[in-house]
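Read the structure below first, then the notes.
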Amino acid sequence: MIKAIIVDDEPDCSETLDILLQKCCPEVQIAAICNSGASALKEIASHNPDLVFLDIEMPHMNGFQLLEKLPSIAFDIVFTTSYDQYAIKAIRFSAMDYLLKPVDGEELKNAIEKTARKHQPPLPQQLEILFQRLHQPMVSKIAIPTMAGLEMIHVDSIISCASSSNYTTLHLKGRQKITASRTLKEIEEILDGLSFFRVHQSFLVNLNEITKYVKGEGGYLVMSDGTSIDVARSRKESLLTKLQPRK
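In this text, residue positions in the sequence shown follow this note's numbering: the first is 41, and each later residue adds one.
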């Protein structure tokens, strides 16, 4: 059994999640339902849960502030949130799990299956990346899920990302490679807003690592590691606009 606590200031949301868990995830036992960060701190200390469903947007003490008040985190976390782009970006950077409200039954099952496979709370480095992203607009590190676990890498060490079915190969400085257990679209969403651009259905590049653009129907790029990457014709103009020096 997975012992869980639900933390949400909206009773309707807590009740809906509780019902969904009973229906879709009978292996989850709800030890407590909390409607505030303050009550959650007490219940977490009392029950020592395996998993906490944590609402982000709560008055007085939001979900992130709650985590920062805990002396240690020995449980897994699934954040629940309405669409908050800034919060979701921070969660993705740290490779932690979240569910969008209203919670979908299939997505809930997937989150529980991930928790059961991990058998461990978030790594300290994941929490460090999460809080860094929340407090500083420009994050320096990112957590990349791999088949073996998690790799913590510097964002500016990424030269390009190449699609490989449901996986993505990250090409890093020093000719290192990491295979991420995420699609290229998911990696693109995580890196959105940074200096990365999707030049092709199969490639995402770091604009700061382009050394040359060679003309052609779509043309191609030469990256700082010497690799050549084709540019899709449909993305050529957008890319060239990105590469123009700012006035």
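A virtual CB, placed ideally from N, CA and C, is assigned to each residue, including glycine.
Could you tell me whether the Cβ atoms of residue i and residue j are closer together than 8 Å?
i: residue 91; j: residue 143; result: no
i: residue 246; j: residue 198; result: yes
i: residue 120; j: residue 107; result: no
i: residue 15; j: residue 200; result: Only positions 41 to 287 of the chain appear in this structure, which leaves residue 15 out of reach.
i: residue 174; j: residue 130; result: yes
i: residue 53; j: residue 141; result: yes
i: residue 45; j: residue 80; result: yes
i: residue 241; j: residue 272; result: yes
On a Cα-Cα basis, can you pick out the residue from the options that is closest to residue i?
i: residue 98; options: 154, 54, 50; result: 50
i: residue 276; options: 175, 265, 260, 285; result: 260
i: residue 169; options: 183, 158, 156; result: 183
i: residue 128; options: 171, 200, 52, 112; result: 171
i: residue 234; options: 190, 154, 180; result: 180
i: residue 283; options: 251, 274, 270, 43; result: 251
i: residue 191; options: 212, 85, 236; result: 212
i: residue 208; options: 274, 83, 243; result: 243
i: residue 165; options: 125, 71, 113, 206; result: 113
i: residue 132; options: 70, 226, 109; result: 226
DSSP beta-bridge partners for residue i?
i: residue 251; result: None, per the DSSP bridge assignment.
i: residue 216; result: 212
i: residue 245; result: 200, 237
i: residue 98; result: Answer is none; residue 98 lacks a bridge partner.
Can you tell me the Cα-Cα spacing of residue i and residue j, whole angstroms?
i: residue 117; j: residue 256; result: 48 Å
i: residue 78; j: residue 253; result: 55 Å
i: residue 185; j: residue 279; result: 28 Å
i: residue 57; j: residue 218; result: 36 Å
i: residue 41; j: residue 145; result: 19 Å
i: residue 167; j: residue 134; result: 7 Å
i: residue 239; j: residue 264; result: 16 Å
i: residue 163; j: residue 267; result: 34 Å
i: residue 101; j: residue 73; result: 16 Å
i: residue 62; j: residue 48; result: 17 Å
i: residue 150; j: residue 221; result: 15 Å
i: residue 156; j: residue 68; result: 10 Å
i: residue 232; j: residue 111; result: 32 Å
i: residue 147; j: residue 154; result: 11 Å
Looking at the unbroken alpha helix (DSSP H) that takes in residue i, where does it start and where does it end?
i: residue 172; result: 164-175
i: residue 148; result: 145-158
i: residue 58; result: 51-64
i: residue 281; result: 276-283
i: residue 224; result: 224-230
i: residue 82; result: 77-87
So residue i is in the beta strand (DSSP E); what residue range does that whole segment cover?
i: residue 189; result: 189-194
i: residue 104; result: Note, residue 104: premise wrong, no beta strand (DSSP E); alpha helix (DSSP H) at 103-109.
i: residue 71; result: 68-74
i: residue 41; result: No beta strand (DSSP E) contains residue 41, which DSSP labels as neither H nor E.
i: residue 186; result: 181-186
i: residue 121; result: 116-121
i: residue 113; result: Unbroken run through residue 113: none, as it is neither H nor E.
i: residue 269; result: 268-270
I'd like to know if residue i contacts chain D, where contact means its C-beta is closer than 8 Å to some C-beta of that chain.
i: residue 156; result: Looking for chain D here will not work: only one protein chain is present.
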